[in-house]
Amino acid sequence: GAVVSQHPSWVICKSGTSVKIECRSLDFQATTMFWYRQFPKQSLMLMATSNEGSKATYEQGVEKDKFLINHASLTLSTLTVTSAHPEDSSFYICSARRLRLGETQYFGPGTRLLVL
Amino acid sequence: AQSVTQPDIHITVSEGASLELRCNYSYGATPYLFWYVQSPGQGLQLLLKYFSGDTLVQGIKGFEAEFKRSQSSFNLRKPSVHWSDAAEYFCAVERNTDKLIFGTGTRLQVFP
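Residue numbers (the working numbering), protein chains in the order written: chain A, 357 to 472; chain B, 735 to 846.
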């Protein structure tokens, strides 16, 4: 149990376009979902935390107008990279959790974004 | 500020040898502690976690970790490494704000 999927697994887009990444909890309801960004050979950096039905909370330095997060249901969160530029190329990973405390985050397989 | 340190960026071991990956944290109270493994181009898989109780935690794939409060450490161990264990390993702590803070990772390479 506790499977999290992401779609697409990889995407290539032109500079200036917007890209949407989906994160789904397949067999549980996720009250909280997290979005991370990982550069090559580096650790995961939390971008934002989203709770179902409310606005996402962004980490310092993350542009909320650039990275739009929607958590419309207990099983789906989306990250939209707006007006993507080459520097947005990265590996984006989501995670989901059922409860606020004492519950493990389950990670999706990641989405690799390449902006040309 | 809270932080997680993994002193070893890269470790190479022979298949069958024992393994210990180090993790130290800086936090005012005892946090929740985790070890995750990441294969190339993949997401993270939870190996084990410590919340409270027995300080020696057993995880999947034959891994274990020991929480040592006096040393602020949570080192990951495996008595006999398999070639399939080659991956990136991340230690993480969770604060009461629910956010995971990851270490910089240790890349494990296994030679036959």
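C-beta: ideal position from N, C-alpha, C; glycine also.
(1) Can you list the residues of chain B that A:G464 reaches, using a CB-CB cut of under 7 Å?
(2) Helix, strand or coil for B:I794? Go by DSSP, reduced to three states.
(3) What does A:Q461 reach in chain B if we use C-beta pairs closer than 7 Å?
(4) With 9 Å as the threshold, decide whether the Cβ of B:T838 is near any Cβ in chain A.
(5) So, under 8 Å CB-CB, A:Q394 and A:F463 are touching, yes? Tell me the CB distance rounded to an integer number of Å.
(6) Taking only the alpha-carbon atoms, compute the straight-line gap between B:Q792 and A:A440 and give it to the nearest angstrom.
(7) Output, in chain order, the set of chain B residues within a Cβ distance shorter than 9 Å of A:T388.
(8) Under DSSP, the beta strand (DSSP E) around B:Y759 begins and ends at which residues?
(9) Going along chain A in order, which residues have a C-beta closer than 7 Å to the C-beta of B:L780?
(10) So A:V360 and A:S374 are in contact, right, with Cβ under 8 Å, and what is the actual spacing, rounded?
(11) I'd like to know if the region 385-394 of chain A and the region 419-430 of chain A are in contact, where contact means that at least 3 CB-CB pairs between them fall below 8 Å.
(12) Can you name, in chain order, every residue of its own chain whose Cβ lies under 8 Å from the Cβ of B:V747, other than the five neighbours on each side?
(13) Taking a contact to mean a Cβ-Cβ separation below 9 Å, would you say B:Y759 touches B:V827 in this structure?
(14) Is it right to say A:L457 is buried, meaning 16 or more other beta carbons lie within 10 angstroms of its own, or is it exposed?
(15) How would you write the range of the beta strand (DSSP E) that B:Q843 sits in, first residue to last?
(16) What first and last residue would you give for the beta strand (DSSP E) that runs through B:H744?
(17) Between which two residues does the beta strand (DSSP E) carrying A:S446 extend?
(18) Within 10 angstroms of its Cβ, does B:L790 collect 16 or more other Cβ (buried), or is it exposed?
Let me lay it out:
(1) G777
(2) helix
(3) L834
(4) yes
(5) Not confirmed; about 11 Å, so no contact.
(6) 43 Å
(7) D832
(8) N758 to S760
(9) T460
(10) With 8 Å as the limit, A:V360 and A:S374 do not qualify as a contact, their Cβ atoms being about 23 Å apart.
(11) yes
(12) L753, V815, L842, Q843, V844 and F845
(13) yes
(14) Only weak support exists for where A:L457 lies, its pLDDT of 49 falling under 50; the value from the coordinates is given anyway. Label assigned to A:L457: exposed.
(15) T840 to F845
(16) H744 to S748
(17) S446 to R453
(18) exposed
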